[in-house]
Amino acid sequence: MRKYPLSLLKDKNIVTFFDFWGKTRRGEKDGGDDYHLLCWHSLDVAAMGYLMVKRNCFGLADYFRQLGISDKEQAAQFFAWLLCWHDIGKFARSFQQLYLPPELKIQESARKNYEKISHSTLGYWLWNHYLSECQELLPSSSLSPRKLRRVIEMWMPVTTGHHGRPPDRMDELDNFLPEDKAAARDFLLEIKPLFPLIEIPAFWDDDEGIELIKHLSWYISATVVLADWTGSSTRFFPRVAHPMDIKGYWQKTLIQAQNALTVFPLKAKVAPFNGINTLFPFIENPTPLQQKVLDLDISQQGPQLFILEDVTGAGKTEAALILAHRLIAAGKAQGLFFGLPTMATANAMYDRLVKTWLAFYSPESRPSLVLAHSARTLMDRFNESLWSGDLVGSEEPDEQTFSQGCAAWFADSNKKALLAEIGVGTLDQAIMAVMPFKHNNLRLLGLSNKILLADEIHACDAYMSCILEGLIERQARGGNSVILLSATLSQQQRDKLVAAFARGTEGQQEAPFLEKDDYPWLTHVTKSDVNSHRVATRKDVERSVSVGWLHSEQECIARIESAVSQGKCIAWIRNSVDDAIKVHRQLLARGVIPASSLSLFHSRFAFSDRQRIETETLARFGKYCSLQRASQVIVCTQVIEQSVDIDLDEMISDLAPVDLLIQRAGRLQRHIRDINGQLKRDVFPAPAGINRVHGYSV
Numbered sequence: 001m002r003k004y005p006l007s008l009l010k011d012k013n014i015v016t017f018f019d020f021w022g023k024t025r026r027g028e029k030d031g032g033d034d035y036h037l038l039c040w041h042s043l044d045v046a047a048m049g050y051l052m053v054k055r056n057c058f059g060l061a062d063y064f065r066q067l068g069i070s071d072k073e074q075a076a077q078f079f080a081w082l083l084c085w086h087d088i089g090k091f092a093r094s095f096q097q098l099y100l101p102p103e104l105k106i107q108e109s110a111r112k113n114y115e116k117i118s119h120s121t122l123g124y125w126l127w128n129h130y131l132s133e134c135q136e137l138l139p140s141s142s143l144s145p146r147k148l149r150r151v152i153e154m155w156m157p158v159t160t161g162h163h164g165r166p167p168d169r170m171d172e173l174d175n176f177l178p179e180d181k182a183a184a185r186d187f188l189l190e191i192k193p194l195f196p197l198i199e200i201p202a203f204w205d206d207d208e209g210i211e212l213i214k215h216l217s218w219y220i221s222a223t224v225v226l227a228d229w230t231g232s233s234t235r236f237f238p239r240v241a242h243p244m245d246i247k248g249y250w251q252k253t254l255i256q257a258q259n260a261l262t263v264f265p266l267k268a269k270v271a272p273f274n275g276i277n278t279l280f281p282f283i284e285n286p287t288p289l290q291q292k293v294l295d296l297d298i299s300q301q302g303p304q305l306f307i308l309e310d311v312t313g314a315g316k317t318e319a320a321l322i323l324a325h326r327l328i329a330a331g332k333a334q335g336l337f338f339g340l341p342t343m344a345t346a347n348a349m350y351d352r353l354v355k356t357w358l359a360f361y362s363p364e365s366r367p368s369l370v371l372a373h374s375a376r377t378l379m380d381r382f383n384e385s386l387w388s389g390d391l392v393g394s395e396e397p398d399e400q401t402f403s404q405g406c407a408a409w410f411a412d413s414n415k416k417a418l419l420a421e422i423g424v425g426t427l428d429q430a431i432m433a434v435m436p437f438k439h440n441n442l443r444l445l446g447l448s449n450k451i452l453l454a455d456e457i458h459a460c461d462a463y464m465s466c467i468l469e470g471l472i473e474r475q476a477r478g479g480n481s482v483i484l485l486s487a488t489l490s491q492q493q494r495d496k497l498v499a500a501f502a503r504g505t506e507g508q509q510e511a512p513f514l515e516k517d518d519y520p521w522l523t524h525v526t527k528s529d530v531n532s533h534r535v536a537t538r539k540d541v542e543r544s545v546s547v548g549w550l551h552s553e554q555e556c557i558a559r560i561e562s563a564v565s566q567g568k569c570i571a572w573i574r575n576s577v578d579d580a581i582k583v584h585r586q587l588l589a590r591g592v593i594p595a596s597s598l599s600l601f602h603s604r605f606a607f608s609d610r611q612r613i614e615t616e617t618l619a620r621f622g623k624y625c626s627l628q629r630a631s632q633v634i635v636c637t638q639v640i641e642q643s644v645d646i647d648l649d650e651m652i653s654d655l656a657p658v659d660l661l662i663q664r665a666g667r668l669q670r671h672i673r674d675i676n677g678q679l680k681r682d683v684f685p686a687p688a689g690i691n692r693v694h695g696y697s698v
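Residues 1 to 698, numbered by full-length UniProt numbering, are exactly what the sequence shown covers, in order.
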């Protein structure tokens, strides 16, 4: 190792690792130096990683315990050492020439055009073609030098690929000058004594260890990203452009990292499950499905799959949340993500969860409920729930009522949103975890130790169903449970979902074959068994739906006007936005129905307008509206057919697949009302609904 006394640092002929920058000002007006030395940035990120393990942020210490490092200090030192390597690609002259401060010696070298390659790939190349041969850089281990290099090789993509995708493997590069390679080596040799307790487990080189590292590296690589993001914040780590003692800076940056660690919300304490009324005080008598999940044996070790199939309006959502709370209270998960097919259904579910989610955690905890979809920043109700608390790095907590919303840290990126204790959003936010999207590892980390709860799974097309199966397999392999909800699930779909879970648990479970009368149904799959339960139908949702045919738009319009004259509320669900707009205009032009009684709802509205229309639709047609629903008309598209709790007297639907017609019929006479439309609590069979299909008779 080359020592750098001040006399050598001033020698223009000697390039040291103090001559390489890692971060620049980039327009920030925060005072301080214009750039941050690469060695200091590397130690900043290492300090973050060290403390993240010590505090077990995002289960990081648990992952290393699975990898055979049970001592937190030893695990923290290994992770910090690994993070010191994360930006070694920035030692490349091609990277350094992006910014040339005059006081750094590297600026005196002749400039040339280099191939544009990310510093992640450059760092991985530097390991493969130079640093891997420097045995003195590697930690101690009982493994032979060759085997030790092979083990560290598995960890290099984890640390160098910290920008959301793995680094590329390349052969020939000329982006490093000899002094660049030497400086990188000297830096890594200089920081090695900071971590004296590192001992590489010997089993990391056997088949079991290799597979375990491959599996857990997805989650650990996500924490590398979080450590780098936080360690790059000048709020906590001001830029330092001058050399100093390595050990002295390490102690300094550990203190700064303690403050930076407050950006990560504390783990919430789970509340015990104290019965259905704790979650849903309005439920006086559980439905058969809800009672079944209350009685279900969930004591088995390992992940579990639950498929809840029941008619629309049977309380599946409440049953799923009851089951989820039981699993969480039993220590089988820390939170849940509720995935739905559309933003409209996700928004509606968010509003329902707002009334329930705090019951999952103890009153003194500070959990977060996050809405995860691409337009959530336009949803005022969610924005108003955000709190910063002490997530600004100060020692004084914010006085805001943070216990009833979402930590702003989770909300500033959909990539981090799934890390919150409770999430609700579009299912694609979870599905991207098993697709080749940038930062998919963050989504996987967010789903770790969480229950995946997916509603309306019948709505997935063949392509999305295949990816959903991959997600279920991944969740099962990670030891996480899954709850799936549907009113119209085919035998083939059920078979594939159970098979995907079985692959994740390396089991041989098979879905039960259901007869035509086996409905409603609950399928419960564990690592070793499949249990099926026939569930009774709640009497007040048993009904016959009369289906008639209307063969022209004129007939449909006449039917709507007739229903309005009788004081009924009615919907026409069209298959295209253009058709919905056309009919709405026709009804307005006829003047028979007042404009104040006509609503138009489709997916093409600007999001702010769509939010307003969603709210108005629930106010006019929702469960608790009564007199205001009289003589109301809504012309809409598929946006209302799933997970939206509206209640219509009559409905017209364009011709559609039968499973979608069943879903649409679920919005028809959904709740028990008297003749005046008032909601009733008494349980008695619902009247026969009236559903008209607009299309050609067959």
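Positions of the beta carbon are idealized from the N, C-alpha and C atoms, including for glycine.
These numbers come from a predicted model, not from an experiment.
Contact under 8 Å by Cβ, residue i with residue j
i    : j    : result
W357 : P265 : no
T223 : L43  : no
I570 : V644 : no
A47  : L254 : yes
G423 : A372 : yes
M343 : A375 : yes
S221 : G123 : no
K416 : L336 : no
H325 : F273 : yes
N575 : D654 : yes
S486 : H524 : no
R673 : G313 : no
L296 : L308 : no
R239 : Y63  : no
R620 : Q611 : no
Q642 : T426 : no
G89  : S120 : yes
Residue range of the beta strand (DSSP E) that includes residue i
i           : result
W40         : Unbroken run through W40 is the alpha helix (DSSP H), 38 to 54; no beta strand (DSSP E).
G123        : No beta strand (DSSP E) contains G123, which is instead part of the alpha helix (DSSP H) from 119 to 129.
residue 751 : No information on residue 751 is available, as it lies outside the stretch 1 to 698 that the chain covers here.
A454        : 450 to 454
W572        : 570 to 573
L340        : 335 to 340
In DSSP terms, what residue i is bridged to
i           : result
L323        : According to DSSP, which records beta bridges pairwise, L323 is partnered with nothing at all.
A372        : G425
T24         : Y35
Y361        : V270
residue 701 : This structure does not reach residue 701, given that the chain is present from 1 up to 698, and the question cannot be answered.
E515        : According to DSSP, which records beta bridges pairwise, E515 is partnered with nothing at all.
R534        : W521
L598        : V633
Close-in-space but distant-in-sequence residues of the same chain around residue i (CB under 6 Å, 5 per side omitted)
i    : result
E395 : With a pLDDT of 30 at E395, under the threshold of 50, the predicted position of this residue should be treated as unreliable, and no value is reported.
P139 : I198, I200
Q404 : Any reading at Q404 is ruled out, since the residue's pLDDT is 49, under 50, leaving its predicted position unreliable.
L51  : A257, L261
Extent of the continuous alpha helix (DSSP H) to which residue i belongs
i    : result
K181 : 178 to 191
W218 : 207 to 231
I560 : 553 to 565
T526 : Unbroken run through T526: none, as it is neither H nor E.
G248 : 246 to 260
S79  : Reading the sequence as shown, one finds Phe at residue 79 and not Ser. Counting along the chain, the alpha helix (DSSP H) containing F79 begins and ends at 72 to 83.
H439 : Here H439 belongs to no alpha helix (DSSP H), and DSSP marks it neither H nor E.
M349 : 343 to 353
R673 : Where R673 is concerned, there is no enclosing alpha helix (DSSP H), given that its DSSP letter is neither H nor E.
Spatial neighbours of residue i in its chain, beta-carbon cut-off 7 Å, leaving aside the 5 residues before and after
i    : result
G393 : For G393, the predicted model reports a pLDDT of 35, less than 50, meaning its position is unreliable and no value from the coordinates is stated.
F187 : F17, C39
K54  : K72, A76
Spatial neighbours of residue i in its chain, beta-carbon cut-off 8 Å, leaving aside the 5 residues before and after
i    : result
A630 : G567, K568, C569, G677
Checklist entry - Is it a yes or a no for the segment 548 to 559 touching the segment 595 to 602, going by three-plus beta-carbon pairs under 8 Å? => result Three or more Cβ pairs closer than 8 Å define a contact, and the segment 548 to 559 falls short of that threshold against the segment 595 to 602.
Checklist entry - Using 8 Å as the Cβ pair cut-off and three pairs as the minimum, do the segment 417 to 435 and the segment 448 to 467 touch? => result yes
Item to check | Any 3 or more C-beta pairs closer than 8 Å across the segment 96 to 104 and the segment 140 to 155 | outcome: no
Next on the checklist: Check whether the segment 91 to 99 and the segment 150 to 170 touch, using three or more Cβ-Cβ pairs below 8 Å as the test.
Outcome noted: no
Checklist entry - Do three or more CB pairs link the segment 152 to 161 to the segment 118 to 135 at distances below 8 Å? => result Contact holds: three or more Cβ-Cβ distances are below 8 Å.
Checklist entry - Does the count of Cβ pairs from the segment 519 to 537 and the segment 295 to 309 closer than 8 Å reach three? => result yes
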